[in-house]
Every structure is written in structure tokens, then in C-alpha cells.
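Right, here's the structure in full:
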């Protein structure tokens, strides 16, 4: 059997993990791929760095683009990352050279996925990216192939393990965001500059990809509404627990007659929803299809092992010749449904205020809600010492984002309301 | 685009569901399959029966084997069921005629899967069976393709929705097995003759398939140890809840240096295990891989919609030419690891006795456990009225099945023990 010859660009945690997995499970991968998968070329910035992996069998390239052009390389594995620069140039060069491409790059797919899919389609090559979303969970394969007979109406996911770890830690140890973030950084779950994760960008990249696959629509990262978790307080997590909810950073994409709504923001999720129990660095994706009903996939969304698992699965697909258009159907078969703006969202809300403990305060708040036609479902208020600001929590019935924002604006302006109100959407499933 | 022409044999719930789904999502299926999928032939027993589906576009065959031989049929969809008889003959005839085959038949794959895979391999055709295990959950695809880079060490599943519904109902409504079964039968979740489900056969068929895929081993239904749920009492469910467990019928397959152990039996599962929360007719499969860690997939395991979802996904794979050997690798690449007998199992146990409330009883029980070298972890006993038999529950530390059985045999023979002891294995994850 002729081996499939691959070149790996980027030898960080994931690149080293892929090399290690291919070596460790060599026989098994050969059996499942139908032929050996051989790393014949590698490229990274620093040749001298000790990565704890055997590189002697592979030719070294200082320049990833040169590696893509090398005739002995049949498949280019892009593990550099980032939507621009070398990663993008490499993938475009590889496609142009008629090479199969496997990548773990969510930013690249989310931002340039339409263009890259068109290039791959024209060149007749695979552009595989299972590792781009939810690490080792085969969610791309599940949506694009496993549920391909379904009209998907909704996808909900915990797509960023860093945020889920921070939120879980805040709840379990009753700490605030800054302490939990520090904890995550010490354990290597968060970067020194955590913005990409905690501000929701990473989750939004992944959601844009899932929404495109689920709804057969060109990927549209720019249409994703994004809020991160920096403003989630220990107090809100405690109140959520008291009310029977967990706070999760969710990516939610919904198809309706009006179009597609895609958003990433913190949510209160009722404990009865299976995604509420997904804790720590675990990821999960729930999809709702017209034939299959609700499906949930759960597992580790990051790390060398899970990401390598997804990359090697893609390599085995390529070796077997199992080909699928990037977005599940050819570009001509995708339909550009309109994006639904966040203002048109309808749902229930959690609103937490810090108020002066004085007669009439609640009446003012209630009047503001009434005037915006927001109906209250529940209210929660605990005793505090005299003179302290008192937290008041209101859970609304279903309303629109627009009405809710109008109400919150008026409430925030009340002089009895001491801090900017905390407003968190409720995702009931 | 040339349509892919299929013939469907068997027009029960699932067959009608497939026809309905193909018609309803025609455009979407065409886009994802790359060409239309056209039902050109159907076969069932009774032509006159009203199935609520449009059959006029398809040629009717009274004889499914004739349909398989018809030149216009490229793909044969076998939805008749059963490991022998027409279903088996049809699949063999279709393969012999060089047709692609899609089936939902777990019994057939579990019992004759090795032979059928060899035939399909020789004929160079696909034999796809996503619908055979866990209905709409794409678990075959996940194990065989999505996790193909992993050495899988364990697969645990809730594989029979009927049993899970009965056990959930018993707990929620505090009823006994017979009442819950009656409930399931009224709702159409259980057959008039429920043995196939409640005695664990159906789950064992599915587990045999999963074990073969996970471990790259020829399917071996005969090696599966099987116990059903008829002997689970309301009392045991209540005790399990009190101890922080759920009782589930699990299929468990484990690979160890000694070989492969595959078994279906009721288990106590700690509430912290994600599978413990899977209730009602839902199915779930947990797989543990060396790279990916633990993955869980959850969804509806039966019914027209979920099963049709899986069948249509297989048809789309066939239309796209995405081919995989039946057992994930060619027959020559599978390794026949030895089966590990149930006696060699090691784990913790739940033991419930009904004893006479008399001094010395517990001492006798404890002595029997000690003599078999079984170590007790916890004991639970509640007050009862005088003269009644008293339930005593013992949770053991890890021991072997052999030692446990020896102890139970001696305990059962004590004249203070009133009923055959209830022994349930504990699955800790």
C-alpha cells in the first residue's frame, strides 16, 4: 500500500500532538486509513526547539509555503492558526497547488471560509477542518454528514472551554471573574492575553462555522452578535444557582422564517437542560433537526490530544477518499438567508439591580418594565445590612430584546439604582 | 445531475419515515448528496395497506429479492428486520448483484456481520448501517470515522430506549416493572412481546456492533453477556436513588490486555456520571479514546424520525461516494482479541437482601462476604414494622464477579435471608 504523504506546518502543542498520535497509533491508523500516513515534511519557526517528538524522518522547511509547493507533499496540515498571514497564505497556496488541506483553524474558516471553499471546489481538493470546532468532538462530521438528512432549526453550544472553566470555577469556589481567570491562566487553560476567549471571539468563530453547516448558508462571522463573560459577577452566579440555573457562555444559532440569528453571550440555562451540566473545560453542542429531534455531543474541546484526534480523523477521511464540500453542499447550493439582528430576539431575561433600600424603588422599576411592556415572572430580594445597596433580581417572561433594552435604559437612569444593571438572557432550550 | 435510484424493502414505521423524509427535505437532501435521491422501487408484504405515503412514483415488488435484482435499483434499503429470513437473503442478494446496501438491521449485523462484511468487501459495495445503533445519534460514524485516530478503551451505552423509559418511569412514579412496562406498551414504546427489549437482546446486538467498531475486532454477538431488567424492583430503584445512583440498563465493552469484555446488564450509575442523567426514551453512548478522552453522544434512539435520519445520512454518504469498510478496516486488518468472561469482571456491587430482623443476621452476612474476600463499603438498613422482612443494602468495594457470586450463593442459603438476593453491578465510569 502506498503511503499518504503529509506535511505539517506549525509544531506547537497541536502539531506535536498530531505527530505523536500518528506515531503512537501507527498500525491502527494504517488499518482505518487503508494505507500508512507518513509525515514527510514539517515546518515551524524554530528548528532548534525541543518539542519532545521525533522529526528526523521528515524534511524541515523554514518556509511553510515552500513546504506546500514540495512535490512529495500530498496533504498539507495547517496548524499555525490565525485568520490572516502565513496560515491563510499557506492554505491558499496548498489549494492552488492541488494539495488536500487539513486545518484546525477556526478563525480562518470563519472569516475566509466562503472564499476558501470556492477555491477548494474549483481545484477539486478537500479542505477538512474537524479540529476547528469543539476539539475532539466530531461535531463537523455529525452536522455535515450524520445529520445531513435533517433540516436543522437550532444549534446551541458551549464552544469555549476557557470560559466554561472560568464560569464553573466561579460557581464552585464562589470567586469572582478575575480570580477564576488567574486560576485558568495558572493551569494553562487561558492565555496571558485572554481576550480572544473571554470576550467571546473564539466561540463566535466556531458558531459562525456551525451555523453555516447547519443551515446551508455561506459562513458569516460578521453577522454574529458577541458578548463575553467579563461582566459576569459572583453575585449573579449565586442568584442563578438559587433560581435553578447555570450561567454558561453559549453560542446559539437559530433559523426562522425571518432568517438566521447567530449570537454568543452568557446565558442562564435551566438545570434540566442537558447543556447546563457540562462543566469545566468540556464543550458540548446541541442540535435540533426535524427528523432526529434533539442531539447532544459532549467532550473535550481543546488540548493536544482532542485536537490531534480530530486532525487525524480528517487525515483518515482524506486517505480513504471520503470527500464532502466544505460547507456540506457546493457553493451554488448554499442559500444566503438574511441575518436577524439581536434587537429582534425574543426570550426571557434575568435582570439584577443594586438599589437603595428605600420605599418606592421597586414601584419605579416595575413601572419601567410595565411601560416597556415587559412582564415580570419572578422577583428575588434578600435582606442586607442597613445602608448597603440591596440586590434585586427580576426574571421576566418572554419579551423582545428591544423592549428589554428600553426598560433597562430607563431603570439604569433611576437615581435609586446604584450600578449599571446586569442583564443576562435566559436560554430555555 | 443523475439521480441515485434506490429501492426500499419494508414499509413499516421506519420505511414510511424514510420515504417521508426524502420527500419533505428533497432540495436539502439533493444539495447535500450532490444529486437527487429517487425512490424507484418499494417492496412490502401488503400492497393495499394505507401507509399515508405517496408510492405512485415507485415500482411495487411483492418479492424483495426481485427488487434487489431489478436493474434500475442502484441502492437497496433493507428495513425488514430480523437476523434471518428475507432480510438476510435480501442483503446477500443485493451485495451479490453489486448493489450498495443501507440497512437499519442490528440483529443482522450483530449475528452475520463478519460474513456480510466479507461479501461486501469482495463485491466492492457499501453496507451502511448507521440506523442499526442508537437511532438518530450518528454513533457509527463517530466511532468509525470521527474517532478513527484513537485507540478506544471503553464504550458504554444506554442502547435500548424501551428499557430506559421503563426504568425512568419506575423511578419517577415509584411503580414496579410490570406497571411501567404496561405504560410503555400503551405508549407504543414497547412491543406486545417485550422480551427482545427488556431481556437485553436488542441492546446486546447494538453493543456487539459498537465493540467491533471500537476495538477493530470481528463482531461477536455470542460473546456478549446479557441480563435484562425484569428483576429490577421498585425497592432497588428507591435505594439506588437514596445512595446517589440511577439504575440503567447499560451495554459496556472494555478492552484490556486480557481481551475484550462485552456485557449488557442493569447497573447503578453515580449521578455525577453524565449517562446517569439520560432519561426516558433517550439513548446515549460514551466512548473513551486515548487521544480524545471521554466523549458522549445523546439523542433519540428509536422512532420513525430518528431512524429515518440515520438511513438518509447513509444514503447521502453512498451518493457522495464516501465509503468505509463495514467494520472500519478491511477484514484482514481486524484482530480477533479473545473474549473475557463475566467471571473475570472486577468492580463494585450493590447487594440487597430481605432478612429476618433477628440478632446475628448481619454477622452471618458479613462473615460470608469476608470469607469470599469481599470488602464492604457501605450498608443501609431502614426500620420496618415488627415481623416484616427487612431490606438490607450493602455496597461493596471493588471485587471480582467470581468472589461476589461465591459470597451471594452462601448468603442466599442463610435461613434468615428470605428472598433471592438482588445483585446489581456498579458502573463508576
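Protein chains in written order, with the working numbering: chain A, 9 to 437; chain B, 9 to 437.
For glycine and all other residues, C-beta sits at the position ideal for the given N, C-alpha and C.
Given the structure is predicted, the values throughout are model-derived calculations rather than measurements.
Checklist line | Euclidean distance between Cα positions of residue 371 of chain A and residue 399 of chain A | finding: 15 Å
Around the C-beta of residue 335 of chain A, are 16 or more other C-beta atoms found within 10 angstroms, so that it is buried, or is it exposed?
-> Residue environment analysis places residue 335 of chain A among the buried positions, since at least 16 neighbouring C-beta atoms fall within 10 angstroms of its C-beta.
| With 8 Å set as the bound, which would you pick, yes or no: does the beta-carbon of residue 241 of chain A sit closer than that to a beta-carbon of chain B? | no
Next on the checklist: Is it buried or exposed, residue 317 of chain B, if we count other Cβ atoms within 10 angstroms and call 16 or more buried?
Outcome noted: buried
Exposed or buried, which one is residue 35 of chain A when buried takes at least 16 other CB atoms within 10 Å? exposed
request  = Determine which residues share a DSSP beta bridge with residue 273 of chain B and list them.
outcome  = B/258
Out of A/255, A/355, A/332, state which residue places its alpha-carbon closest to the alpha-carbon of residue 110 of chain A.
A/332
The segment 84-93 of chain A contacting the segment 191-209 of chain A, beta-carbon criterion three pairs below 8 Å
no
Give the straight-line distance between the Cα atoms of residue 161 of chain B and residue 368 of chain B, rounded to the nearest whole angstrom. 44 Å
Determine the extent of the beta strand (DSSP E) in which residue 111 of chain A is found, giving its start and end residues.
108-111
Practice prompt. Determine the chain B residues that contact residue 341 of chain A at a beta-carbon separation under 7 Å, and present them in chain order.
Written response: 39
Could you tell me the alpha carbon to alpha carbon distance between residue 429 of chain A and residue 416 of chain A, rounded to whole angstroms? When the Cα atoms are used, residue 429 of chain A and residue 416 of chain A turn out to be separated by approximately 7 Å.
Worksheet item: Would a check of beta-carbon distances place residue 439 of chain B closer than 8 Å to chain A?
Response: Coverage of chain B is limited to positions 9 through 437, which leaves residue 439 of chain B absent and any answer about it impossible.
In whole angstroms, give me the CA-to-CA distance for residue 386 of chain A and residue 254 of chain A.
17 Å
- Message: Counting only Cβ pairs nearer than 7 Å, list the residues of chain B close to residue 122 of chain A.
- Response: Here the premise fails: no neighbours, minimum Cβ distance about 16 Å.
### Query
Residue range of the alpha helix (DSSP H) that residue 315 of chain B falls in?
Residues 312-328.
Q. How is residue 358 of chain B classed by DSSP in three states: helix, strand or coil?
A. strand
Residues near residue 347 of chain B in its chain [Cβ-Cβ closer than 8 Å; skip 5 each side]:
Closer than 8 Å at the Cβ level, and outside the excluded window around residue 347 of chain B, lie 228, 231, 267, 268, 269, 270.
Note to self: Am I right that residue 18 of chain A and residue 86 of chain A are in contact with their C-beta atoms under 8 Å? What's the rounded C-beta distance?
What the structure shows: Separation of the CB atoms of residue 18 of chain A and residue 86 of chain A is rounded to 7 Å, and the pair is thereby assigned contact status at 8 Å.
Quick one: complete alpha helix (DSSP H) runs, 4+ long, within the segment 87-128 of chain A?
94-104
* **Cut-off 7 Å between Cβ atoms - residues of its own chain near residue 411 of chain B, not counting five sequence neighbours on either side** => 380, 381, 382
For residue 66 of chain B versus residue 50 of chain B, is the C-beta spacing smaller than 8 Å? yes
| message | When you compare the CB positions of residue 311 of chain A and residue 291 of chain A, do they come within less than 8 Å of one another, or not? | response | no
Skipping 5 residues on each side, what residues in its chain have a beta carbon closer than 8 Å to that of residue 396 of chain B? 365
Is the CB-CB distance between residue 44 of chain B and residue 77 of chain B below 8 Å? no
Which residue marks the beginning of the beta strand (DSSP E) containing residue 404 of chain B, and which one marks its end? Residue 404 of chain B -> beta strand (DSSP E) spans 398-404.
Beta-carbon separation of residue 413 of chain A and residue 273 of chain A under 8 Å?
no
Using a C-beta cutoff of 8 Å, does residue 214 of chain A count as contacting chain B?
no
*asked:* Determine, for residue 149 of chain B, whether the minimum Cβ-Cβ distance to residues of chain A falls below 8 Å.
replied: yes
Could you tell me if residue 286 of chain A is buried or exposed, where buried requires 16 or more neighbouring beta carbons within 10 angstroms of its beta carbon? buried
- Query: Among B/207, B/172, B/225, B/326, which residue has its Cα nearest to the Cα of residue 121 of chain B?
  - Reply: B/225
Query raised in the report: For residue 68 of chain B, which residues does DSSP report across the bridge?
Result: B/50
- Item | Cβ contact (3+ pairs, closer than 8 Å) linking the segment 347-363 of chain A and the segment 320-328 of chain A | Touching, no.
Using a threshold of 8 Å, state whether the C-beta atoms of residue 212 of chain A and residue 234 of chain A are closer than that. A contact, by the Cβ cut-off of 8 Å.
Skipping 5 residues on each side, what residues in its chain have a beta carbon closer than 7 Å to that of residue 338 of chain A?
In its chain, beyond the 5 residues on either side, 129 have a beta carbon closer than 7 Å to the beta carbon of residue 338 of chain A.
To which residues does DSSP link residue 389 of chain B through a beta bridge?
B/400, per the DSSP bridge assignment.
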